[in-house]
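Chains as they are written, first to last, in the working numbering: chain A, 1 to 503; chain B, 1 to 349.
Have a look at this one:
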């Protein structure tokens with residue numbers, strides 16, 4: 001007789017909740033059967049092109065940077081690594097907003113320096129922005145794989161007469177291909193779900209068109225488009241689950257010592273990326289701040305952001321615990337866990353569309369903070385589950401067994417052994433959820449209670465109204481909070497990935 | 001004294017619209033007859049909770065008006081939900097279908113959205129004393145126009161001369177001018193609705209197709225005017241006040257206004273407000289928006305056209321008599337759904 005682990009019923013319930021949006025979307029889409037038309041085809045091709053360009057660009061930038069940060073010795077390596085990862089701390093819609101405002105005739109660069117640059121919009125603009133803000137995913141995953149390699153193979157190749165470049169190409173890269181692929185798929189997923197960048201760059205991708213449909217309250221058409229987008233997301237998620245990191249026995253790290261001109265060359269190649277992705281947005285905000293000050297800004301927006309995100313983080317972690325434990329307990333539990341992962345692939349705009357409809361059916365939830373928080377939780381639960389599970393897995397099970405042998409009930413063993421030891425993972429998970437919720441834009445626009453303005457929605461409002469200068473304070477606050485979160489990540493969970501090696 | 005405070009706070013909060021005439025109290029309307037605009041002094045104070053759906057994204061002048069009303073009425077708790085006008089109109093209808101009512105008042109930037117809600121039977125009748133203050137032609141039993149706006153063609157004065165601009169909006173589709181537009185913007189959609197009603201489905205579809213080949217899309221019509229001024233396009237479609245506001249802040253701006261003749265291109269539309277819930281509070285709130293102070297503030301700072309008797313129009317706009325708008329009942333603009341379907345079918349939305 002097998003007894004089901006006690007975490008199963010709860011986890012099953014949560015998994016069920018996680019796929020609720022799909023049911024809602026199918027129900028909604030059944031109303032109107034305009035499955036596909038010529039316009040859809042354009043939207044589909046725009047979306048796929050943007051995804052392809054972004055992945056390609058991120059690999060082209062991310063892989064060389066991974067090589068440099070993993071192997072090349074130069075002063076202040078840790079600082080450089082942090083700077084190169086810094087675009088992660090900037091929500092891509094902020095990048096899109098500032099780049100859009102900076103370039104073009106009459107843009108800020110033209111105003112300040114008198115140099116009219118070509119406008120930044122459409123597919124090229126959106127691709128550039130997405131690349132700038134997602135290459136760190138590829139850089140970090142690739143770098144992690146690079147650091148797990150043994151340098152002796154490269155040394156052997158070089159002893160046998162292969163040039164350094166050739167040996168990196170033929171010996172190193174094939175062995176980190178899965179790392180690159182994992183990063184690339186993350187980038188693809190991120191691109192599919194992003195709403196702000198295509199909207200600001202005026203590129204009709206699925207997310208933007210869904211928003212237009214929603215705004216015309218064409219809920220059924222929005223639902224149909226959402227389902228189409230989810231098919232693509234599902235495909236990417238499937239590919240991602242196929243990519244398995246290959247593990248080699250780590251050995252000595254490869255270390256390269258460039259001479260001065262080489263270092264200069266590297267710096268020269270890296271600087272445009274940093275200038276565009278980090279320096280430019282901050283500079284534009286600084287200009288706006290100097291010009292407009294804090295006009296129109298209300299501290300309540302920051303408080304609202306923090307408040308809603310905090311509630312989401314708290315709920316996500318509480319729900320993550322049974323799911324994570326179910327995942328460790330057995331195969332069925334692992335399946336339930338995979339189901340909750342689905343939410344992370346669902347773009348905020350799609351989740352928002354589904355939950356608006358749920359709200360209209362259940363008026364006590366409509367336009368309440370509760371529904372907004374539920375949306376955040378459904379979307380970002382996997383982040384909490386992931387970090388709770390990884391710490392719980394690392395737990396030495398003999399500790400629990402020892403507690404049990406010494407007479408503790410399962411409950412007591414959990415409270416006194418498991419819980420304290422997994423607290424770190426919970427906090428890391430909560431921090432991740434908090435951060436993502438803080439940055440979430442479309443779902444917040446759709447679901448927020450009346451009068452509930454957050455940093456993200458206020459930013460969007462001033463963009464729409466053309467009062468760009470007022471974006472400075474909310475923009476800087478969002479970047480600052482994201483940066484704090486990134487710092488937390490660097491010092492905690494992801495330490496292993498980012499650790500500067502060779503010491 | 002209190003009126004002073006109202007005006008001052010309204011002025012202090014105003015955006016840096018340089019060159020705005022000083023905030024002088026209105027004085028020219030001494031002969032307060034019954035049908036003239038009232039002063040805020042004559043209105044009862046507002047008390048209680050009210051939720052306003054505001055079909056306007058900007059954080060600017062309407063906000064200042066609301067803020068001034070809040071300051072004047074400390075016991076008045078006003079919640080504002082902002083959004084795209086058409087979206088809010090549709091939301092209100094969808095809410096009522098689901099048996100939910102969240103908004104007490106709906107203030108929309110164009111009358112099409114107002115008509116949509118009124119046609120769904122959701123608007124409460126307004127007292128005759130209130131509608132009687134409005135200019136003839138703008139009196140409706142179920143909603144009150146707040147300010148008027150004219151569809152215009154802002155053009156870049158460096159790239160285009162006025163004689164190259166056709167005086168028929170339909171002819172623009174065949175011209176060689178590059179065009180800026182904001183198809184997702186409510187005012188633009190109302191304009192297309194007017195065209196559909198005046199010229200028919202097919203002509204409108206052809207026109208949209210023709211223009212879209214040379215058009216650049218913007219998020220809103222302020223964006224259109226800024227794009228025209230920067231020289232990204234030759235000419236655009238936008239309500240009149242965006243151009244006037246831009247020019248008042250930047251007198252050397254390379255943009256000017258052109259008008260078409262007796263077609264949808266020079267439609268006079270109105271922002272409007274209606275009450276969704278019963279009681280005096282929504283009605284009295286609407287009364288505040290029709291006061292001399294608010295109307296002249298919106299005319300002076302926002303360059304919108306006051307629609308209450310006895311308030312002067314904004315500067316820099318040709319007299320309404322010099323413009324030949326098409327004859328169209330504004331509430332007909334509510335017929336938005338076919339317009340959206342049409343725009344979607346042609347692929348511009």
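Positions of the beta carbon are idealized from the N, C-alpha and C atoms, including for glycine.
How about residue i: is its Cβ closer than 7 Å to a heavy atom in the ligand GDP?
i	result
residue 343 (chain A)	The ligand content of the structure shown is nil, which means the ligand GDP is not present either.
Using beta-carbon positions only, say whether residue i and residue j come within less than 8 Å of one another.
i	j	result
residue 108 (chain A)	residue 274 (chain A)	no
residue 146 (chain B)	residue 317 (chain B)	no
residue 343 (chain A)	residue 443 (chain A)	no
residue 238 (chain B)	residue 154 (chain B)	yes
residue 234 (chain B)	residue 178 (chain B)	yes
residue 167 (chain A)	residue 177 (chain A)	no
residue 152 (chain B)	residue 76 (chain B)	no
residue 193 (chain B)	residue 333 (chain B)	yes
residue 332 (chain A)	residue 252 (chain A)	no
residue 504 (chain A)	residue 447 (chain A)	The structure shown does not extend to residue 504 (chain A), since chain A spans only 1 to 503, so no value can be given for it.
residue 56 (chain B)	residue 82 (chain B)	yes
residue 242 (chain B)	residue 225 (chain B)	yes
residue 429 (chain A)	residue 388 (chain A)	yes
Can you pull the chain B neighbours of residue i, defined as C-beta to C-beta under 9 Å?
i	result
residue 262 (chain A)	Result: empty, since nearest Cβ-Cβ is about 43 Å, beyond 9 Å.
residue 361 (chain A)	98
residue 106 (chain A)	226, 227, 229, 230, 231, 232
Tell me the rounded alpha-carbon separation between residue i and residue j.
i	j	result
residue 93 (chain B)	residue 215 (chain A)	13 Å
residue 108 (chain B)	residue 14 (chain A)	41 Å
residue 411 (chain A)	residue 230 (chain A)	40 Å
residue 223 (chain B)	residue 185 (chain B)	11 Å
residue 23 (chain B)	residue 431 (chain A)	Interpretation of residue 23 (chain B) is limited by its pLDDT of 38, a score under 50 that renders its predicted location unreliable; no figure is taken from the coordinates.
residue 32 (chain B)	residue 287 (chain B)	A caution first: residue 32 (chain B) carries a pLDDT of 45, below 50, which makes its placement in the model too unreliable to give a value.
residue 471 (chain A)	residue 327 (chain A)	43 Å
residue 477 (chain A)	residue 287 (chain A)	15 Å
residue 111 (chain A)	residue 117 (chain A)	11 Å
residue 211 (chain A)	residue 149 (chain B)	27 Å
residue 205 (chain B)	residue 217 (chain B)	17 Å
residue 384 (chain A)	residue 293 (chain A)	37 Å
residue 106 (chain A)	residue 170 (chain A)	48 Å
residue 311 (chain A)	residue 323 (chain B)	56 Å
residue 144 (chain B)	residue 52 (chain B)	15 Å
residue 182 (chain A)	residue 207 (chain A)	23 Å
residue 204 (chain A)	residue 369 (chain A)	30 Å
Run down chain A in chain order and give the residues with a C-beta less than 7 Å from the C-beta of residue i.
i	result
residue 193 (chain B)	None at all; the shortest Cβ gap to chain A is about 13 Å.
residue 51 (chain B)	450
Which residues in chain A have a C-beta closer than 8 Å to the C-beta of residue i? List them in chain order.
i	result
residue 222 (chain B)	465, 466
residue 347 (chain B)	38, 39, 42
residue 217 (chain B)	202
residue 87 (chain B)	214, 215, 216, 217
residue 340 (chain B)	216, 218
residue 287 (chain B)	Simply none; closest approach about 22 Å.
residue 344 (chain B)	39
State the CB to CB distance for the pair residue i and residue j, rounded to an integer number of angstroms; the pair is presumed to be in contact (CB under 8 Å).
i	j	result
residue 284 (chain B)	residue 46 (chain B)	6 Å
residue 99 (chain A)	residue 46 (chain A)	That pair is no contact at about 19 Å.
residue 304 (chain A)	residue 453 (chain A)	6 Å
residue 541 (chain A)	residue 258 (chain A)	Given that chain A is displayed from residue 1 to residue 503, the structure contains no residue 541 (chain A) and the question cannot be resolved.
residue 187 (chain A)	residue 391 (chain A)	That pair is no contact at about 27 Å.
residue 114 (chain B)	residue 272 (chain B)	4 Å
residue 354 (chain A)	residue 24 (chain A)	4 Å
residue 138 (chain A)	residue 95 (chain A)	Between residue 95 (chain A) and residue 138 (chain A) the Cβ distance is about 17 Å, and since that is not below 8 Å, they are no contact.
Report the partner residues of residue i according to the DSSP bridge assignment.
i	result
residue 217 (chain B)	B:181
residue 273 (chain B)	B:107, B:144
residue 153 (chain B)	B:258
residue 239 (chain B)	B:151
residue 51 (chain B)	B:79
residue 222 (chain B)	Residue 222 (chain B) is not bridged to any residue.
residue 306 (chain B)	B:147
Quick one: list the residues of chain B neighbouring residue i, beta-carbon separation under 7 Å, in chain order.
i	result
residue 367 (chain A)	102
residue 451 (chain A)	79, 80, 81
residue 212 (chain A)	184, 349
Starting from the beta carbon of residue i, find every residue of chain C whose beta carbon is closer than 8 Å, and list them in chain order.
i	result
residue 119 (chain A)	Among the protein chains in the structure shown, which are A and B, there is no chain C.
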